[in-house]
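Chemist: Residue numbers (our numbering): 2 to 349.
Handing you this structure, nothing more for now.
Below is the structure:
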């Protein structure tokens with residue numbers, strides 16, 4: 002049966018598989034690794050148009066390992082989940098230090114790199130090295146649950162789906178089979194509207210015989226998305242911007258405006274050696290994360306003090322006035338820049 006399934010999958014994949022910029026008959030392991038980091042929590046449609054430019058900047062582990070924080074942030078701007086960028090650079094440095102700049106072709110060595118979990122290990126081993134190491138993501142778990150007719154939660158599908166994929170690997174090319182199942186889950190066996198009539202596994206799919214194939218995997222009821230009303234306080238003395246650097250938390254590990262958990266900007270922000278006066282309030286906007294929503298009011302403050310502001314809870318970073326646009330700020334912050342810079346220049 003597994004041989005029949007793999008033949009059907011491969012035949013379908015050769016005709017309908019997605020053409021993606023990181024795919025190749027002779028893939029570069031580094032390119033595969035970068036693509037897998039990018040695809041963690043970000044859709045293919047977002048990554049594909051940016052991928053060639055990213056690879057031109059980091060064509061190998063050494064070039065990635067050398068990136069400064071600001072360069073890394075510019076490279077990743079707009080892609081979200083910025084911790085992945087730090088993890089990718091950390092993995093690149095480990096590859097250079099431990100493996101002479103080559104992506105390791107052993108699963109245990111690969112899994113020891115920062116930011117690489119079981120699924121990413123399997124995906125890289127199968128796609129980059131054509132090795133039968135199964136890795137299961139949501140797409141693959143869903144294809145297994147429906148073809149086998151197993152009513153289960155996604156977390157319960159991981160182990161049996163991994164064994165199912167390992168069995169398929171034994172009958173054919175791991176690289177092609179891995180990509181075929183991923184594409185099948187992404188384009189045909191979708192969460193809410195599966196196209197069963199176009200599925201190469203339809204004749205052997207148990208869930209297709211059900212009134213509703215989407216009964217599995219069982220969807221977990223979503224919790225209400227937290228909604229925060231916050232102020233982004235941008236502080237300048239006309240020569241510099243004063244930003245906070247938060248080592249942890251949402252959009253941490255980079256300079257950012259002071260985030261105040263209040264719906265309206267206070268007239269004055271007080272620090273140990275001075276204060277910042279509110280100059281103007283910009284157009285409010287909403288920013289949606291995967292698990293959180295912000296209603297943001299940007300506010301421009303003028304710093305009154307002989308020395309830069311100091312904060313006991315965070316590190317304050319001084320940025321030259323003209324360099325704010327070059328930081329590669331996340332979209333949640335950069336959306337305010339056109340208004341902010343125009344207002345700041347007008348103030349002077």
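Where is the CB? At the ideal position from N, CA and C, for every residue including glycine.
Who are the Cβ neighbours of residue 216 in its own chain at under 8 Å, not counting the five residues just before and after it?
Modeler: On the chain shown, residue 216 is found 215 positions in, with the first residue counted as 1. Excluding residues within five positions, the ones whose Cβ falls inside 8 Å are 152 and 208.
Chemist: Taking the alpha-carbon positions, what's the residue 343 to residue 243 distance?
Modeler: Counting from 1 along the chain shown, the entry for residue 343 is found at position 342. Counting from 1 along the chain shown, the entry for residue 243 is found at position 242. The alpha-carbon atoms of residue 343 and residue 243 are separated by roughly 17 Å.
Chemist: Taking C-alpha atoms, which residue in 5, 307, 10 and 143 lies nearest to residue 180?
Modeler: For this step, residue 180 is matched to residue 179 along the chain shown. It is 10 whose Cα lies nearest to the Cα of residue 180.
Chemist: For the alpha helix (DSSP H) containing residue 76, list its first residue and its last residue.
Modeler: What you label residue 76 is simply residue 75 of the chain shown in a count that begins at 1. Its alpha helix (DSSP H) spans residues 70-77.
Chemist: Between the Cα of residue 360 and those of 230, 193 and 13, spot the shortest distance and give me the residue it belongs to.
Modeler: Because the chain here runs from 2 to 349, residue 360 falls outside it and cannot be looked at.
Chemist: Checking 8 Å against the spacing of the C-beta atoms, do residue 258 and residue 334 come in under that value?
Modeler: Indexing the chain shown from 1 puts residue 258 at position 257. Indexing the chain shown from 1 puts residue 334 at position 333. Their beta carbons are under 8 Å apart, which means residue 258 touches residue 334 by this criterion.
Chemist: Within 10 angstroms of its Cβ, does residue 233 collect 16 or more other Cβ (buried), or is it exposed?
Modeler: Walking along the chain shown from the start, residue 233 turns up at place 232. Classification for residue 233: buried.
Chemist: I need the boundaries of the beta strand (DSSP E) containing residue 320, first residue and last residue.
Modeler: In the chain shown, residue 320 corresponds to position 319, counting from 1. Note, residue 320: beta strand (DSSP E), 316-321.
Chemist: Pick from 213, 30, 238 and 67: whose alpha carbon is nearest that of residue 305?
Modeler: Indexing the chain shown from 1 puts residue 305 at position 304. Among 213, 30, 238 and 67, the Cα nearest to that of residue 305 belongs to 238.
Chemist: So does the stretch 15-28 actually touch the stretch 103-121, counting three or more Cβ pairs closer than 8 Å?
Modeler: At 8 Å Cβ cutoff, the stretches do not touch.
Chemist: Is it the case that the Cβ atoms of residue 178 and residue 7 are separated by a distance below 8 Å?
Modeler: Here residue 178 corresponds to residue number 177 of the chain shown, with the count starting at 1. Here residue 7 corresponds to residue number 6 of the chain shown, with the count starting at 1. The answer is yes: Cβ separation under 8 Å.
Chemist: Using the C-alpha atoms, what's the distance from residue 162 back to residue 102?
Modeler: Sequence index remark: in the chain shown, residue 102 carries index 101 (1-based). Sequence index remark: in the chain shown, residue 162 carries index 161 (1-based). Each residue's CA atom was taken as its position, placing residue 102 and residue 162 some 33 Å apart.
Chemist: Between 299, 100, 274 and 315, which has its C-alpha nearest residue 1's C-alpha?
Modeler: With the chain running from 2 to 349 in the structure shown, residue 1 is simply not present.
Chemist: To the nearest angstrom, report how far apart residue 277 and residue 296 are at their CA atoms.
Modeler: The sequence position of residue 277 within the chain shown is 276, counting from 1. The sequence position of residue 296 within the chain shown is 295, counting from 1. Their Cα atoms are separated by approximately 23 Å.
Chemist: Residue 204 to residue 80, Cα distance in whole Å?
Modeler: By 1-based counting over the chain shown, the position of residue 204 is 203. By 1-based counting over the chain shown, the position of residue 80 is 79. Computed Cα separation, rounded: 39 Å.
Chemist: Does the Cβ of residue 437 have 16 or more other Cβ atoms within 10 Å, making it buried, or fewer, making it exposed?
Modeler: In the structure displayed, the chain extends from 2 to 349; residue 437 sits before or after that span and is not available.
Chemist: With a cut-off of 8 Å, do at least 3 Cβ pairs link the stretch 82-98 to the stretch 50-66?
Modeler: yes
Chemist: Given this structure, state the Cα-to-Cα distance separating residue 175 from residue 129, to the nearest angstrom.
Modeler: By 1-based counting over the chain shown, the position of residue 175 is 174. By 1-based counting over the chain shown, the position of residue 129 is 128. Going by the C-alpha atoms only, they are around 10 Å apart.
Chemist: Consult DSSP for residue 60 and reduce its assignment to one of helix, strand or coil.
Modeler: What you label residue 60 is simply residue 59 of the chain shown in a count that begins at 1. Residue state, collapsed to three classes: coil.
Chemist: Could you tell me the distance, in whole angstroms, from the CA atom of residue 291 to the CA atom of residue 139?
Modeler: To locate residue 291, count along the chain shown from 1; it is residue 290. To locate residue 139, count along the chain shown from 1; it is residue 138. Taking the straight line joining both Cα atoms gives about 16 Å.
Chemist: If you count every other CB in all the chains shown that lies within 10 Å of the CB of residue 4, and 16 or more means buried, which is it?
Modeler: By 1-based counting over the chain shown, the position of residue 4 is 3. By the 10 Å Cβ count, residue 4 comes out exposed.
Chemist: Just verifying my parser: in three-state terms, what is the DSSP assignment at residue 265?
Modeler: On the chain shown, residue 265 is found 264 positions in, with the first residue counted as 1. DSSP places residue 265 in coil when its eight states are reduced to three.
Chemist: With a cut-off of 8 Å on the beta carbons, I'd call residue 144 and residue 190 a contact; round off their distance for me.
Modeler: For this step, residue 144 is matched to residue 143 along the chain shown. For this step, residue 190 is matched to residue 189 along the chain shown. Residue 144 to residue 190, Cβ: 5 Å. Contact.
Chemist: Compare the Cα-Cα distances from residue 150 to each of 106, 23, 109 and 214 and report the closest residue.
Modeler: The count along the chain shown starts at 1 and reaches residue 150 at position 149. It is 214 whose Cα lies nearest to the Cα of residue 150.
Chemist: By alpha-carbon positions, which one of 337, 78 and 106 ends up nearest to residue 47?
Modeler: As a position in the chain shown, residue 47 is number 46, starting the count at 1. Looking at the Cα atoms, 78 is the closest of the given residues.
Chemist: Output the boundary residues of the alpha helix (DSSP H) element that contains residue 184.
Modeler: Within the chain shown, the letter at position 183 stands for residue 184. Taken as a continuous stretch (DSSP letters only), the alpha helix (DSSP H) holding residue 184 covers 175-188.
Chemist: Return the residue from the list 282, 255, 248 and 274 that minimises the CA-CA distance to residue 264.
Modeler: The residue given as residue 264 occupies position 263 in the chain shown. Nearest of 282, 255, 248 and 274 to residue 264, Cα basis: 282.
Chemist: Report, in whole angstroms, the separation of the C-beta atoms of residue 252 and residue 83, which I expect to be a contact under 8 Å.
Modeler: The residue you call residue 252 lines up with position 251 of the chain shown. The residue you call residue 83 lines up with position 82 of the chain shown. Yes, residue 252 and residue 83 are in contact; Cβ-Cβ is about 7 Å, under 8 Å.
Chemist: Our contact map puts residue 247 next to residue 315 with C-beta atoms below 8 Å; I'd like the distance itself, whole angstroms only.
Modeler: Taking the first residue of the chain shown as position 1, residue 247 is located at position 246. Taking the first residue of the chain shown as position 1, residue 315 is located at position 314. At roughly 5 Å, the Cβ-Cβ gap stays under 8 Å, so residue 247 and residue 315 are in contact.
Chemist: Quick one, which of 86, 133 and 87 has its alpha-carbon nearest residue 107's?
Modeler: Position 106 of the chain shown, counting from 1, holds the residue named residue 107. Residue 107 has its Cα closest to that of 133, out of 86, 133 and 87.
Chemist: To the nearest angstrom, report how far apart residue 329 and residue 338 are at their CA atoms.
Modeler: Counted from its first residue, the chain shown places residue 329 at position 328. Counted from its first residue, the chain shown places residue 338 at position 337. Straight-line Cα distance between these residues: approximately 11 Å.
Chemist: Among residues of its own chain, excluding the 5 on either side of residue 236, which ones have a beta-carbon nearer than 6 Å to its beta-carbon?
Modeler: By one-based count along the chain shown, residue 236 stands at place 235. Taken in chain order, the residues that qualify are 243, 277, 302 and 304.
Chemist: What are the boundary residues of the alpha helix (DSSP H) that residue 395 is part of?
Modeler: The question about residue 395 has no answer here: the residues shown for the chain are numbered 2 through 349.
Chemist: Which residues in the same chain have their Cβ closer than 6 Å to the Cβ of residue 372, if we skip the five residues on either side of it in sequence?
Modeler: Here the chain has residues from 2 to 349 only, and residue 372 is not among them.
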